[in-house]
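If you're matching positions, the sequence shown starts at 4 in the working numbering and goes up one per residue.
In this text, a Cβ means the ideal position worked out from N, Cα and C, and glycines have one as well.
Single-structure report; data block below.
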Amino acid sequence: MQDKKPDVSTQQLWEYTILPVGVPIPWPTETPPEGWVICNGESFDTKRFPKLALAYPKGILPDLRGEFIRGWDSEGMIDPERKLLSKQQATLLPSVYTYKFLDKESGVFVSPPMSAYKTEGIEGIEGTGIIAKDFDEPVYTPVGTYLSAKLIAEGNAAKLATFRVRPRNVAFNYIVRAA
Numbered sequence: 004m005q006d007k008k009p010d011v012s013t014q015q016l017w018e019y020t021i022l023p024v025g026v027p028i029p030w031p032t033e034t035p036p037e038g039w040v041i042c043n044g045e046s047f048d049t050k051r052f053p054k055l056a057l058a059y060p061k062g063i064l065p066d067l068r069g070e071f072i073r074g075w076d077s078e079g080m081i082d083p084e085r086k087l088l089s090k091q092q093a094t095l096l097p098s099v100y101t102y103k104f105l106d107k108e109s110g111v112f113v114s115p116p117m118s119a120y121k122t123e124g125i126e127g128i129e130g131t132g133i134i135a136k137d138f139d140e141p142v143y144t145p146v147g148t149y150l151s152a153k154l155i156a157e158g159n160a161a162k163l164a165t166f167r168v169r170p171r172n173v174a175f176n177y178i179v180r181a182a
């Protein structure tokens, strides 16, 4: 049997079997490959790129810079009245309380959001987790892992603290094929 090169070009493979035009994919460099564009909110010529216009009929790419893509709730049970390609602001969290580990190493324990501060159980917590110092890494505690917190409390008193909800992440460009 002789080896034959397939008659199918790489471009045809992209067009017909791998990924439809308009699907954003992460790309690790500042410049997209030839035939691809960055999802940065710019408009495009729908006549020049008719397949891309099927995904984005208004001729405007989504601006995905600094954004997380979230699956659409087509039944409206989680995000009522949410439309495809709509943006959503960050969730505002209720107050979060912090306290210092009973005069052990300096650091914070970050509790989950709660409506009232309760002292039951605090005495039994040993500060065995990794203590947050730079407030950009997760806070590991004996009772769970939480996102970053900014220490406001000194001593053992409960105080309000700020709380960030941005997960750890890696920056990529989102690109789509222009066709």
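Taking only three categories from DSSP, how would you classify Pro36?
The answer is coil: DSSP assigns Pro36 none of H, G, I, E or B.
Residue nearest to Val173 in terms of C-alpha spacing, selected from Arg68, Glu78, Gln92:
Among Arg68, Glu78, Gln92, the Cα nearest to that of Val173 belongs to Arg68.
If we call anything under 8 Å between Cβ atoms a contact, is Val24 one with Leu64?
No, Cβ-Cβ distance for Val24 and Leu64 is not below 8 Å.
Label Asn176 either buried or exposed according to how many other C-beta atoms from any shown protein chain fall within 10 Å of its C-beta, with 16 as the threshold for buried.
The Cβ neighbour count for Asn176, taken over all protein chains shown within 10 Å, is at least 16; the residue is labelled buried.
For Tyr59 and Pro29, what's the separation of their Cα atoms in angstroms?
Cα-Cα distance, rounded: 18 Å.
Output yes or no for whether 8 Å exceeds the beta carbon distance between Val179 and Trp39.
Yes, these two residues count as a Cβ contact at 8 Å.
Here's the rule I'm using: 16 or more other beta-carbon atoms within 10 Å means buried, otherwise exposed. How should Pro31 be labelled?
So Pro31 counts as exposed.
Collapsed DSSP secondary structure at Val173 in the structure displayed:
Collapsing the DSSP output to three states places Val173 in coil.
What are the partner residues of Val179, as DSSP defines its beta bridges?
According to DSSP, Val179 bridges with Val40.
For Ile72, the three-state DSSP class (helix, strand or coil)
DSSP places Ile72 in coil when its eight states are reduced to three.
Within a Cβ cutoff of 7 Å, which residues of the same chain sit near Leu88, ignoring the five residues on either side of it in sequence?
Excluding residues within five positions, the ones whose Cβ falls inside 7 Å are Pro65.
List the residues that DSSP assigns as beta-bridge partners of Ser46.
Paired residues: Ile63.
Drop a sphere of 10 angstroms on the beta-carbon of Ile41, count the other beta-carbons inside from all chains shown, and report buried for 16 or more, exposed for fewer.
Buried: at least 16 other Cβ atoms inside 10 Å.
Hey, how far is the Cα of Pro36 from the Cα of Ser77?
In a straight line, the C-alpha of Pro36 is about 33 Å away from that of Ser77.
Compute the distance between the beta-carbons of Phe47 and Ala181, then report whether it is under 8 Å.
Less than 8 Å separates the beta-carbon of Phe47 from that of Ala181.
Evaluate Phe52 with the Cβ neighbour count: other Cβ atoms within 10 Å of its Cβ, from every protein chain shown; 16 or more gives buried, anything less gives exposed.
The residue is buried, with at least 16 neighbouring Cβ atoms inside 10 Å.
With DSSP collapsed to three states, give me the class of Pro29.
Residue state, collapsed to three classes: strand.
Pair within 8 Å by beta-carbon distance, Ile81 and Pro27
Contact flag unset, no.
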